[in-house]
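Okay, so here's the structure we're looking at.
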Amino acid sequence: MPIAWKDSFAIGDDAIDADHRAMMALIGRLDAVTARPAAGPGVEATIAQLRDLCRAHFQREEALQRAIGFPDLDGHRLGHQMLLKRLDAVLAHFSSGCDQIRAGILRTLGDSLATWLVFHITRGDAEMRPYVEAARRGRRRVAASALPLG
Ligand SMILES: [Fe+2]
Ligand SMILES: [Fe+2]
3 MPIAWKDSFA
13 IGDDAIDADH
23 RAMMALIGRL
33 DAVTARPAAG
43 PGVEATIAQL
53 RDLCRAHFQR
63 EEALQRAIGF
73 PDLDGHRLGH
83 QMLLKRLDAV
93 LAHFSSGCDQ
103 IRAGILRTLG
113 DSLATWLVFH
123 ITRGDAEMRP
133 YVEAARRGRR
143 RVAASALPLG
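In this text, residue positions in the sequence shown follow the numbering used here: the first is 3, and each later residue adds one.
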């Protein structure tokens with residue numbers, strides 16, 4: 003399922019919005035590399051890249067959430083942790099699995115990641131928008147790119 007960035011996905015923080023665009027682009031690339039008959043190292047590298055980007059993005063996003071007083075930090079973080087666990091498991095199975103396991107993973111991975119990401123951005127991350135706007139209007143200017151990680 004190809005997904006494309008829409009301006010309506012923006013939460014109003016440049017670093018977070020750039021991450022979301024990059025995540026969508028990587029899922030699009032995953033779709034493209036899995037469509038090739040000899041899908042292999044390119045797929046694994048793309049999944050690893052997506053996992054690394056997600057890990058860094060979730061740290062940035064959670065730091066922003068703390069800074070802007072986002073109320074559902076724990077619930078939101080749980081969603082992030084579940085996706086990271088899933089990506090780690092996919093990578094482990096993919097790298098150690100036989101061709102049949104790899105094919106099974108590839109059949110559903112791109113679509114399910116695209117569905118998760120769009121749902122998470124439009125339903126979960128979108129809830130941050132009013133808090134980002136309030137922080138912008140306030141005296142403290144908060145931007146994820148300026149926050150310490152962790
Ligand atoms: Fe999120
Ligand atoms: Fe996000």
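Even glycine gets a Cβ: it sits at the ideal position worked out from N, Cα and C.
Inset, instruction - May I have the straight-line CA-CA distance separating residue 34 from residue 20, to the nearest angstrom? - result: 21 Å
Inset, instruction - State the DSSP-derived secondary structure class of residue 8, mapped to helix, strand or coil. - result: coil
Inset, instruction - Flag residue 63 as yes when its Cβ comes closer than 7 Å to any non-hydrogen atom of ligand 2, and as no otherwise. - result: yes
Inset, instruction - Using 7 Å as the cut-off, classify the Cβ of residue 112 as near or not near the heavy atoms of ligand 1, replying yes or no. - result: no
Inset, instruction - Could you pull the start and end residues of the alpha helix (DSSP H) that residue 96 belongs to? - result: 75 to 98
Legend entry - Rounded C-alpha distance that separates residue 29 from residue 70: 29 Å
Legend entry - Cβ-Cβ separation, residue 7 to residue 23 (assumed contact under 8 Å), whole Å: 5 Å
Legend entry - The alpha helix (DSSP H) enclosing residue 23, as first and last residue numbers: 16 to 37
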